[in-house]
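K.L.:
Would you mind keeping the following structure in view while I ask a few things?
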Ligand SMILES: [Zn+2]
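Residue numbers (my numbering): 7 to 334.
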């Protein structure tokens, strides 16, 4: 008797489950290999990765992950920074490089009012972040590939919303003198120091790259207690009209490769003097030149997960949050 009840109960549970399963609307999963034919796959293998990634207008579906190394990787599930915020505006919007890992977007939304307060500026002007799916860029940078790098201008945000045209054409002031050895003291101010310092003081920031002449000036005016943030401010080519902020690998990104830690100390040592040797000064690498090393990268030079990111369906949700009515 009890046995019969058990059988009937089990049967009814099974029937209920089957009925419930029937009522679920099945959403087709993206194919595991969305490439339809090998011809397409072959083409992808031979094309420069910077062409493939710059063609993608929207981020991939999938949870956010920075994949690979800053100058050799890609970004899954990137999100966009609104091009106009209460204390920031994105410049060169037409490049479609206002995407990043959510940690970068959160950082900028938090940093913009902090920087405004520290400098007395109305806000900050944001240059390149990453392409929607990261990857190598056709011009301008070797890094910025995994959604954790951002350029921020040495220029206060004006007290109005810039037009689309202005955002394409306004130039940031060059803070370095023509000889490349000194800052341009006609336009350099204590606000620039506060700006760099505030960026370097943020815990998620791994490095802040500036022109060597700017680092040299910071070394000249530093005080004893500045070592913690000064160690993160590193000299690099260009970067005379903007700072380059790089975030640490986020905890949700196991395939993100960390950069070696910055050396101990404030960096005001021999490693800095090296930047003022004649042959380095003569290099004068402009920020916007195409990077030869990024140019040569193909899909197989990137982590294997980047092929899946490139071919994944687009996240349609990201287009809905994009306010095209804003001046861009
Ligand atoms: Zn940069």
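Glycine is no exception: its CB is placed at the ideal position from the N, C-alpha and C atoms.
Check residue 186 in the structure and name its three-state DSSP category.
P.N.:
Coil, per DSSP.
K.L.:
Does the Cβ of residue 323 have 16 or more other Cβ atoms within 10 Å, making it buried, or fewer, making it exposed?
P.N.:
Exposed, by the Cβ-count rule.
K.L.:
For residue 315, count neighbouring C-beta atoms within 10 Å of its own C-beta (all shown protein chains included) and say buried if the count is 16 or more, exposed if not.
P.N.:
Residue 315 comes out buried.
K.L.:
Is it the case that the Cβ atoms of residue 152 and residue 55 are separated by a distance below 8 Å?
P.N.:
Not closer than 8 Å, so no.
K.L.:
What's the C-alpha gap between residue 173 and residue 96?
P.N.:
Spanning the two alpha carbons is a distance of roughly 8 Å.
K.L.:
Is residue 185 buried or exposed, if buried means 16 or more other CB atoms sit within 10 Å of its CB?
P.N.:
With fewer than 16 Cβ atoms within 10 Å of its Cβ, residue 185 is classed as exposed.
K.L.:
Determine whether the beta carbon atoms of residue 60 and residue 143 lie at a separation below 8 Å.
P.N.:
Yes, they are a contact pair.
K.L.:
Following a CB-centred definition, is residue 215 positioned closer than 7 Å to any heavy atom of ligand 1?
P.N.:
Yes - ligand 1 has a heavy atom lying nearer than 7 Å to the Cβ of residue 215.
K.L.:
Considering only the alpha carbon of each residue, which of 88, 68, 235 lies closest to residue 274?
P.N.:
Residue 274 has its Cα closest to that of 235, out of 88, 68, 235.
K.L.:
Could you check if residue 105 is buried or exposed, using at least 16 other CB atoms within 10 Å of its CB as the buried criterion?
P.N.:
The residue is buried, with at least 16 neighbouring Cβ atoms inside 10 Å.
K.L.:
By how many angstroms is the C-alpha of residue 98 removed from the C-alpha of residue 91?
P.N.:
Residue 91 and residue 98: Cα-Cα distance of roughly 15 Å.
K.L.:
Tell me which residues share the same chain as residue 68 and place their Cβ nearer than 7 Å to its Cβ, disregarding the 5 neighbours each side in the sequence.
P.N.:
So the list reads 82, 83, 318, once near-sequence residues are dropped.
K.L.:
Are there 16 or more other CB atoms within 10 angstroms of the CB of residue 175, so buried, or fewer, so exposed?
P.N.:
With fewer than 16 other Cβ atoms within 10 Å, it is exposed.
K.L.:
Beta-carbon separation of residue 132 and residue 194 under 8 Å?
P.N.:
Result no, Cβ atoms of residue 132 and residue 194 do not sit closer than 8 Å.
K.L.:
Have a look at residue 27 and residue 46 and give me their C-alpha separation to the nearest angstrom.
P.N.:
In this predicted model, residue 27 has a pLDDT of only 39, less than 50, meaning its place in the structure is not dependable enough to derive any value.
K.L.:
Based on Cα-Cα distance, which residue from 124, 87, 108 lies nearest to residue 200?
P.N.:
Of 124, 87, 108, the residue nearest in Cα terms is 124.
K.L.:
With H, G and I counted as helix, E and B as strand and the rest as coil, what does DSSP make of residue 157?
P.N.:
Strand, per DSSP.
K.L.:
Can you find a heavy atom of ligand 1 that lies under 7 Å from the Cβ of residue 232?
P.N.:
No, the Cβ of residue 232 stays beyond 7 Å of every heavy atom of ligand 1.
K.L.:
List the whole-angstrom C-beta distance separating residue 156 from residue 251, where the pair is believed to meet the contact cut-off of C-beta under 8 Å.
P.N.:
About 5 Å separates the two Cβ atoms, so the contact holds.
K.L.:
Between which two residues does the beta strand (DSSP E) carrying residue 217 extend?
P.N.:
Run containing residue 217: 211-217, per the beta strand (DSSP E) assignment.
K.L.:
For residue 49, count the other beta carbons within 10 Å of its own beta carbon; 16 or more makes it buried, fewer makes it exposed. Which is it?
P.N.:
Looking at its Cβ environment, which holds fewer than 16 other Cβ atoms inside 10 Å, residue 49 is exposed.
K.L.:
Where residue 85 and residue 147 are concerned, what is the direct C-alpha to C-alpha distance, given to the nearest angstrom?
P.N.:
Using only the alpha carbons, I get a separation of about 20 Å.
K.L.:
Measure the C-alpha to C-alpha separation of residue 246 and residue 219 and round it to an integer number of angstroms.
P.N.:
When rounded, the distance between both Cα atoms is 8 Å.
K.L.:
Under 8 Å between the Cβ atoms of residue 163 and residue 202?
P.N.:
No.
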